[in-house]
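All remarks here apply to the structure that follows.
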Amino acid sequence: METAIARHGSPEVNDSLIHRGTNQSGMRDHNERLVLSLVRQHGSLAKSDIARMTGLSAQTVSVIMRELEEESLLLRQAPLRGKIGQPSIPMALNPEGAFFIGLKIGRRSAELVLIDFLGNVRSMLQHSYRYPAPRETVDFVSNGMRQMRGELTPAQDKRIAGLGIAMPFELWNWADTAGAPRDVMDEWRHRDIRADIQAQCDFPVYLQNDATSACGAELVFGQAGAARDFVYFYIGAFAGGGIVLNGRLFGGPTGNAGALGSMPVPGPDGKPTQLIDVASIAMLEKALNARGIEASHLWTSPEDWGEIGPELDGWIASASRALAYAIVAASSIIDFEAAVIDGWMPKAVRRQLVDAIIAAIATIDGEGLKLPAIREGTVGIHARALGGASLPLSERFLIGSTTISRSA
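Counting in full-length UniProt numbering, the sequence shown runs from 1 upward without gaps.
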């Protein structure tokens, strides 16, 4: 399983890239989130580092970190002794400080994951299907949570801080493309899946678009370099994406910002079409089925697709051209530092796709633009499920909200 946990780096950061703290009373919650966000980003930090980075007084930082330590959210590390003065004591996140559950509802599979405060995967379950059905999905979650929570100690179970659902918005609109019965897909239109799952939980439940959630996983758990502004593409059954601005996931007022699957790109015949109609893995499945090749392994074995043949080469060629145009178009709106590509595919295929995108961009007229660096994602095939788990983590412990729907 490919999961990058915490980003590490020098505690010297550009002040414009972080949110300044305040020493005024009544802002403890914001300041605690700020401290936890910085410690997560750098792996471990001493009080003096945090005071310098945030502008908070040494006394304020000391109080915050002591309280976070008492709440078992932070752990003391070995003292760092310098040539003069008292030794510096770095603080790091406590893996046992909190636990989070993530649910990905996809068009061909569902995943349930339990992670700790660092993002380490403690348990994961997967359920494949031809199409998603609401009742079946709720049963999968019920049984899966019962199994996962049964493996925790009572103390760990009490520290589950929330469940996040990552799923396509308006899932019912994809009935024909997914090859699903319309009456089953129409059930999604009338069901509040968040409320259905909340009724079974004694912790809050959150909801976000699946591709945006995957973007959130890259932001919270990934290693997107030092990029604070990046456009993110997740290539699953259908292509989608998300946007990170100034180190925060940007969803917009309706959560639909970064709906990159709907971006117009040149189609195979040169006429405009949507990115989702070219770069989605469903298009590769369609090409394989047209030749009578059974393609269920695309969904059940994302770590290894085996030998596919010319259909894969053709899909990479067309998908990379479409993604290249989408990246250039996005760069004309926002000056992104990077474009990150991830998806439900083997690492070798992702590498081929990224290489092809880089080659395709070189053929597009980008005059007047500063094009972003093209990078592979670092979270991998489970980015959407981990992104779901990152929703309660971000909402409750980090700077910046990532959800548009949550429990009351």
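All residues carry an ideal CB built from backbone N, CA and C; glycine is no exception.
Beta-carbon contacts of residue 274 that lie in its chain and below 6 Å, excluding the five residues immediately before and after:
Once the five neighbours on either side are set aside, the close Cβ partners of residue 274 are 262.
Between residue 221 and residue 119, which are expected to be in contact by the criterion C-beta below 8 Å, what is the C-beta distance as a whole number of angstroms?
That pair is a contact at about 4 Å.
Return the chain-ordered list of same chain residues with a C-beta closer than 8 Å to the C-beta of residue 311, the five sequence neighbours on each side being excluded.
Close CB contacts of residue 311 within its chain, under the 8 Å cut and outside five residues either way in sequence, are with 284, 287, 288, 291, 293 (chain order).
Let me check understanding here. Comparing Cα to Cα, which of 377, 388, 309 lies closest to residue 235?
Looking only at 377, 388, 309, the smallest Cα-Cα distance to residue 235 is reached by 377.
For residue 65, which of helix, strand or coil comes out of DSSP?
In the displayed model, residue 65 falls within a helix according to three-state DSSP.
So, helix, strand or coil for residue 71, using DSSP?
Coil.
May I have a chain-ordered list of the alpha helix (DSSP H) segments no shorter than 4 residues that lie completely inside the region 261-335?
DSSP runs (the alpha helix (DSSP H)) wholly in the region 261-335: 276-279, 281-290, 297-300, 310-331.
Helix, strand or coil, according to DSSP, for residue 256 in the structure here?
Of the three classes helix, strand and coil, the one that applies to residue 256 here is coil, per DSSP.
For residue 394, the three-state DSSP class (helix, strand or coil)
The answer is helix: DSSP assigns residue 394 an H, G or I state.
Report yes if the C-beta distance between residue 64 and residue 32 is below 9 Å; otherwise report no.
With contacts defined as CB atoms closer than 9 Å, residue 64 and residue 32 qualify as a contacting pair.
Cα-Cα separation, residue 134 to residue 79
Answer to the nearest angstrom: the Cα atoms are 52 Å apart.
Euclidean distance between Cα positions of residue 138 and residue 37
When rounded, the distance between both Cα atoms is 32 Å.
Provide the residue(s) that pair with residue 127 in DSSP beta bridges, ordered along the chain.
110.
With a cut-off of 8 Å, do at least 3 Cβ pairs link the region 349-363 to the region 317-327?
They touch, by the three-pair rule.
Residue 249 and residue 242 - do their beta-carbons sit closer together than 9 Å?
Closer than 9 Å, so yes.
Check each candidate in 391, 302, 278 and name the one with the smallest Cα separation from residue 166.
Taking only the C-alpha atoms, the option nearest residue 166 is 391.
Within 10 Å of its beta-carbon, does residue 209 have 16 or more other beta-carbons around it, so buried, or fewer, so exposed?
Counting of Cβ neighbours within 10 angstroms places residue 209 among the buried residues, the total reaching 16 or more.
Could you say which of 244, 192, 170, 206 lies nearest to residue 216 if we only look at CA atoms?
Taking the Cα of residue 216 as reference, the smallest distance to any Cα among 244, 192, 170, 206 is reached at 244.
So, for residue 328: in the same chain, excluding its five sequence neighbours on each side, which residues have a beta-carbon less than 6 Å away from its beta-carbon?
Excluding residues up to 5 positions away in sequence, 364, 366 lie with their Cβ nearer than 6 Å to the Cβ of residue 328 in the same chain.
Thinking C-beta only, is residue 233 closer than 9 Å to residue 282?
In terms of Cβ geometry, residue 282 and residue 233 do not form a close pair [threshold 9 Å].
By the 10 Å Cβ neighbour count, where 16 or more other Cβ atoms means buried, how is residue 42 classified, buried or exposed?
When all chains shown are included, residue 42 counts as buried.
Kindly list the residues whose CB is nearer than 7 Å to the CB of residue 257, restricted to its own chain and excluding five residues on each side of it in sequence; keep chain order.
Cβ within range, chain order: 243, 250, 251.
Alpha carbon to alpha carbon, how far is residue 331 from residue 265? Give it in angstroms, no decimals.
So the alpha carbons of these two residues sit roughly 14 Å apart.
Give, in chain order, every unbroken run of the beta strand (DSSP E) that is at least 3 residues long and sits entirely within the region 131-211.
Contiguous beta strand (DSSP E) elements confined to the region 131-211 occur at 160-167, 205-209, taking only those with 3 or more residues.
Just tell me which of 169, 77, 194 has its CA closest to the CA of residue 254.
Looking at 169, 77, 194, the one whose alpha-carbon comes closest to that of residue 254 is 169.
Grab me the residues of residue 24's own chain with a C-beta within less than 6 Å of its C-beta, minus the 5 sequence neighbours each way, in chain order.
Because the pLDDT at residue 24 is just 47, under 50, the model does not fix this residue reliably, and the value given afterwards should be weighed accordingly. Once the five neighbours on either side are set aside, residue 24 has no close Cβ partner at all.
Residue burial classification, residue 372 (beta-carbon count within 10 angstroms, cutoff 16):
By the neighbour-count rule (16 or more Cβ atoms within 10 Å), residue 372 is buried.
In angstroms, rounded to a whole number, what distance separates the CA positions of residue 239 and residue 107?
The alpha-carbon separation between residue 239 and residue 107 amounts to approximately 12 Å.
Could you give the residue range of the alpha helix (DSSP H) that holds residue 411?
Because the chain in this structure spans residues 1 to 408, residue 411 falls outside the shown range and cannot be described.
Roughly how many whole angstroms lie between the Cα atoms of residue 190 and residue 399?
If you draw a straight line from the Cα of residue 190 to the Cα of residue 399, it is about 33 Å long.
Have a look at residue 260 and residue 277 and give me their C-alpha separation to the nearest angstrom.
Approximately 12 Å between the Cα atoms of the pair.
What is the DSSP secondary structure of residue 389, counted as helix, strand or coil?
Correct three-state label for residue 389: helix.
Comparing C-alpha positions only, which one of 325, 132, 124, 219 sits nearest to residue 143?
Closest in alpha carbon position to residue 143, among 325, 132, 124, 219, is 124.
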